[in-house]
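Visitor:
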Amino acid sequence: MNKNQQAASAGEEANAIIEQLANPGQAIETETSTVEVLDQAQPVDDWEKRFKGYKASTDKTLHKLRQQSSQFDLMSNENNQLKKRLEETQAQIPKTPNEMLELFSEEEVAGMEKMFGGKVSGLQDEVSRLTEELNYTRNERVQNEALHEHQSVVEAVANAVPNYADIDVDPGFSTYMKGIDEFNNVRYDLLVKAKNETPPDIGRIVSFYVDYSNTKQAEAQQPQQYTQQELLQQPKGSHTGGVVPQQNLGIQWNTATSSQFYKDKALGKYTPEQAEALELDLFRSMKHK
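Counting from 18, one number per residue, gives the positions in the sequence shown under the numbering used here.
1) Return the chain-ordered list of same chain residues with a C-beta closer than 6 Å to the C-beta of D90, the five sequence neighbours on each side being excluded.
2) Taking the alpha-carbon positions, what's the V9 to R301 distance?
3) So what's L55 in DSSP terms, helix, strand or just coil?
4) Roughly how many whole angstroms lie between the Cα atoms of V227 and Q160?
5) Span of the alpha helix (DSSP H) holding T274?
6) Please classify I268: does DSSP put it in a helix, a strand, or coil?
7) In the structure shown, what three-state DSSP assignment does Y287 receive?
8) Which residues in the same chain as E296 place their Cβ atom closer than 6 Å to its Cβ, once the five residues preceding and following it in sequence are excluded?
9) Please list the terminal residues of the continuous alpha helix (DSSP H) segment that includes P188.
10) With burial defined as no fewer than 16 other Cβ atoms inside 10 Å of the residue's Cβ, what is the status of T78: buried or exposed?
11) To which residues of the same chain is N94 closer than 8 Å at the C-beta, ignoring the five residues directly before and after it?
12) Here's the rule I'm using: 16 or more other beta-carbon atoms within 10 Å means buried, otherwise exposed. How should T272 be labelled?
13) Buried or exposed for M303, going by 16 or more other Cβ atoms inside 10 Å?
14) S86 to L103, Cα distance in whole Å?
15) Nearest-angstrom Cα distance between L164 and Q269?
16) Considering D183, what are the terminal residues of the alpha helix (DSSP H) in which it resides?
17) Relative to the alpha-carbon of S224, which residue among M194, P216 and K81 has its alpha-carbon at the smallest distance?
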């Protein structure tokens, strides 16, 4: 039995007892005994005894009645509070479109469709148009950012190597980019991926062009490839048995050509005699500077 049913039962029992107390001519049923109306013809002692029994039973019944009445009031208040909370909760739940339509008649719904149908359709078209514009603007921004990054790379390379455009179309540059970087043992063409980074590694990209340009300049200043007979002349008093040229070989020795010479020497591009002759020519050139 729930609280509402208990409260109702207590209320009914209390009302029955009150009605019986209001009509002393009727019998009153209690938990212990049934007290009947006293017979006036009976002796006073018997009447007094019956009265005391009746009063004790009535006091007990009234006490129970007061408890049940108080319990009924508490449960009634609690029930009212729960109903109020339920109504507040339901009021906060948003109505679905179908529930909202139930508030209007069919004629009212038809009138609203006629009134707002065209406007809703127009708004849908406007939303579609704005969505397309947004996508176009987003794509355009991405393209502009990529173009800006490319221009930054071009400007940086042009400042460092003015003839970078000629290098781009030089077949030797493609071959150079397939070589191995001596410092990090990575193929140059893999390092070109620095262009595709976000943001691109401009410093590394510029170094490709600068290194290749320096290499080309060093190759242009390479000494003429003499035959061993041409390069080596028998000098008098040579302690090596090899002979060095008596005159300058015509090489414009500088930092780039000397670095290239030692690089080629390490790679074994010269015989020991050729390397010695070139190195002495380098020393002679440095001495006369």
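All residues carry an ideal CB built from backbone N, CA and C; glycine is no exception. Fair warning: this is a prediction, and the values are worked out from it, not measured in the lab.
Guide: Put simply:
1) none
2) In the structure as shown, the chain starts at 18 and stops at 306, and residue 9 therefore has no counterpart that could be examined.
3) Here L55 scores only 47 on pLDDT, less than 50, and its place in the model is too uncertain to base an answer on.
4) 28 Å
5) T272 to A283
6) Looking at I268 - three-state DSSP - the assignment turns out to be coil, as it is neither helix nor strand.
7) If DSSP states are grouped into helix, strand and coil, Y287 belongs with coil.
8) none
9) P188 to M194
10) Under the 10 Å beta carbon count, T78 is surrounded by 16 or more other beta carbons and is classified as buried.
11) Cβ within range, chain order: n/a, list empty.
12) exposed
13) Counting the other Cβ atoms within 10 Å of the Cβ of M303 gives fewer than 16, which makes it exposed.
14) 26 Å
15) In a straight line, the C-alpha of L164 is about 42 Å away from that of Q269.
16) Y181 to D185
17) M194
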